[in-house]
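**Q** So the protein lines, in turn, are chains Y and A. Going by our numbering, the first sequence opens with residue 658, and the numbers climb by one from there. Going by our numbering, the second sequence opens with residue -17, and the numbers climb by one from there. Once you've had a glance at the structure underneath, I'll fire off some questions.
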Amino acid sequence: MSESLFTLVKQSRTDNDSLAIVIDLFAPKIDRSLHQTKWQHREDLSQELKIKLLECIRNYEVDNIPGYFQMLDLLEGQDTQYYDQL
Amino acid sequence: MKELFDHHTQSVEIYLDKLKKHLQNPIIKSFLEIPEHVALLKEVRNQPTPELKKKLDDTFREFYFNIRFTTYLSQTIYFNAINYDKKIKLVSERYQLILDRPLKDEGELTFLDLLSSSENMRNTDIFIDSSTIMDHLTSYDIFHAIQSLTENQQQVLSLAYIYGLNDSEIANSLNKSQQAVSKSHTKALRKIREIIETEQRRKGQK
């Protein structure tokens, strides 16, 4: 896979192929979460989860991710107590 | 952390020192654990051009995105899978197909008892086990009409409408030709219709 996850998700809004690649990337995680379900329902659940992912990926606000300097500003504004606790 | 930056210029170290409290942030920390990112940071410190700043910004954004997005989707999958299981459990509890399990937690009444109870029987349709069409009728008019048919015609109607056979199957079981059966079938239906129609006209005149 040549493209990064970042670009793929960005493209997913308009490009179904990218969307399919992103969903495929998470297929192992989906398979893993099927273990606790009875085998009769596994295929259904797998499909449900993929539909859910589809919504999540399409609606994800890629541009809301802060850049490096924005992040520092955010941290500056935050209560530093949080770090003292760590 | 510190030894990672030893080979970098003084300026970066001073900068990192200023950043110290933010370095405890897991995201920033893991971002700067990758040597390429530190190198980029160093470049930015040496010549803070807008292009380089933007590059740093974008690199960080992508790095942070990978973590945030993966976590988000993983949790979505995890919680939705759990909810799905709960839903299935709920449905299977509500719509059980087990006959001999008690209906409530206490008590001995089972679903089987409920089905076989006399109350339930009253609601179900009575199944008539009879091979003559006369026993299956609920309309008096049709009953009287069929009464006036020949025995042969009644037999044909019984086979056709109780057992659902077609004319050639009836012919086979009665050892007659299909044409003959077909003829008496149509004749019977026509006669029933005539009788019902005269009956209704008679009622209408009253």
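Ideal Cβ placement from N, Cα and C applies to all residues, glycine included.
1) Helix, strand or coil, according to DSSP, for T664 (chain Y) in the structure here?
2) Looking only at its own chain, which residues have a Cβ that is under 7 Å from the Cβ of L702 (chain Y), when we skip the five neighbours before and after it?
3) Which of the residues in the stretch 677 to 693 of chain Y, read from start to end, lie with their CB under 8 Å from any CB of chain A?
4) Within 10 Å of its beta-carbon, does L731 (chain Y) have 16 or more other beta-carbons around it, so buried, or fewer, so exposed?
5) Could you work out which residue in Y:E718, Y:P723, Y:Q727, Y:L682 is closest to I59 (chain A) when comparing CA atoms only?
6) Nearest chain Y C-beta to N28 (chain A) closer than 9 Å, yes or no?
7) Apart from the five residues on each side of it in sequence, which residues of its chain come closer than 6 Å, Cβ to Cβ, to Y739 (chain Y)?
8) Rounded to a whole number of angstroms, what is the C-alpha to C-alpha distance between E700 (chain Y) and K707 (chain Y)?
9) Counting only runs of 4+ residues fully inside the stretch 115 to 177 of chain A, write out the alpha helix (DSSP H) ranges in chain order.
10) Shorter than 9 Å from the beta carbon of E705 (chain Y) to some beta carbon of chain A?
11) Using a Cβ cut-off of 7 Å, pull out every chain C residue sitting near R50 (chain A), in sequence order please.
12) In terms of residue numbering, what span does the alpha helix (DSSP H) encompassing D681 (chain Y) cover?
13) For the stretch 661 to 677 of chain Y, enumerate the residues whose C-beta is nearer than 8 Å to any C-beta of chain A, in chain order.
14) Would I(-4) (chain A) count as contacting chain Y if we go by Cβ distances under 9 Å?
15) Compute the beta-carbon to beta-carbon distance between K169 (chain A) and Q135 (chain A), rounded to the nearest angstrom, for a pair I have assumed lies under 8 Å.
16) Within 10 Å of its beta-carbon, does F47 (chain A) have 16 or more other beta-carbons around it, so buried, or fewer, so exposed?
17) Between D39 (chain A) and chain Y, is there a C-beta pair that is closer than 9 Å?
**A** On the basis of the data shown:
1) helix
2) L691, T694
3) F683, K686, I687, S690, L691, Q693
4) exposed
5) Y:L682
6) no
7) Confidence is the limiting factor: at Y739 (chain Y) the pLDDT is only 45, short of 50, which leaves the residue's position unreliable, though a coordinate-based value still follows. Around Y739 (chain Y): no qualifying Cβ.
8) 11 Å
9) 122 to 129, 133 to 143, 149 to 156
10) yes
11) The structure shown contains no chain C; its protein chains are Y and A.
12) 673 to 682
13) S661, L662, F663, V666
14) no
15) 7 Å
16) buried
17) yes
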